[in-house]
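These notes concern the structure reproduced below.
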Amino acid sequence: MASLLTNLIPIFTGANWLAWYPQMELFLMAQGLYHIINNECPLPNEEDDNTTNITEWNHHNTQAISNLCLRLTPNILAKVLSKTTASSIWSSLKEEHGTPGIATTYTEFKAMLDTPIPSHEHPAPASSKISAHFV
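For the sequence shown, counting from 1, position 27 maps to 40 in our numbering; every step adds exactly one.
Okay, structure coming up:
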């Protein structure tokens with residue numbers, strides 16, 4: 014599983030949120046861990062013994078935290094290391110990096126401008142690359 018993570022998901026640098034987060038979401042979904050991002054730990058229930066559910070949630074939370082933290086740069090990792098749930102890590106990353114800043118906008122714009130449009134080939138592939146920058 015770790016090799017899949019390192020082969021499929023780039024390191025999150027802060028500037029690559031728009032490319033990183035959908036891949037990480039899909040990876041967590043494929044590993045059966047994405048529900049941890051959206052759900053809190055079940056509360057102990059006196060009527061129904063749900064310790065198995067709580068133990069399972071804690072195990073999945075630990076796995077999700079590990080997967081997230083392994084793909085963060087050291088400076089971003091230091092900011093979220095004190096968080097105890099994958100959901101709080103995800104929310105923190107999304108809050109800080111989810112809105113593109115001027116640097117991210119410029120990087121996307123520059124990449125779009127640098128996309129070559131071949132003169133002797135159909136322009137559809139280049140057009141697709143350019144339009145991908147506006148998603």
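Beta carbons: idealized from backbone N, C-alpha and C, even for Gly.
Query raised in the report: With DSSP run on the structure shown, which of helix, strand or coil describes L46?
Result: coil
Requested in this report: Label A77 either buried or exposed according to how many other C-beta atoms from any shown protein chain fall within 10 Å of its C-beta, with 16 as the threshold for buried.
Outcome: buried
Requested in this report: Whole angstroms is fine: what's the gap from S95's alpha carbon to I89's?
Outcome: Rounded to whole angstroms, S95 to I89 spans 12 angstroms at the Cα level.
Query raised in the report: Just reading off the alpha helix (DSSP H) that N88 is part of, what are its end residues?
Result: 87 to 93
Query raised in the report: Candidates L18, A116, H73: which alpha carbon is nearest N29's?
Result: A116
Query raised in the report: In whole angstroms, what is the alpha-carbon distance linking D127 and S144?
Result: 13 angstroms
Query raised in the report: What whole-angstrom Cβ distance do A13 and I49 have, given they're in contact under 8 angstroms?
Result: Examination of residue 13 is not possible in this model, given that the chain is present from 14 through 148 alone.
Report task. Determine the closest residue to T53 out of L18, D61, A124, W103, with distance taken between C-alpha atoms. Result -> Before going further, note that residue 53 is Glu rather than Thr in the sequence given. Checked all of L18, D61, A124, W103; the closest Cα to E53 is W103.
Report task. Round the Cβ separation of S79 and V93 to the nearest angstrom and send it over; I've been treating them as touching at under 8 angstroms. Result -> 12 angstroms between Cβ atoms; not a contact.
**Report entry** I130 vs R84 beta-carbon contact at 7 angstroms
**Finding:** no
Report task. Verify whether the separation of the beta carbon atoms of T19 and T86 is less than 7 angstroms. Result -> no
**Report entry** Whole-angstrom distance between E69 and D181, CA atom to CA atom
**Finding:** In the structure as shown, the chain starts at 14 and stops at 148, and residue 181 therefore has no counterpart that could be examined.
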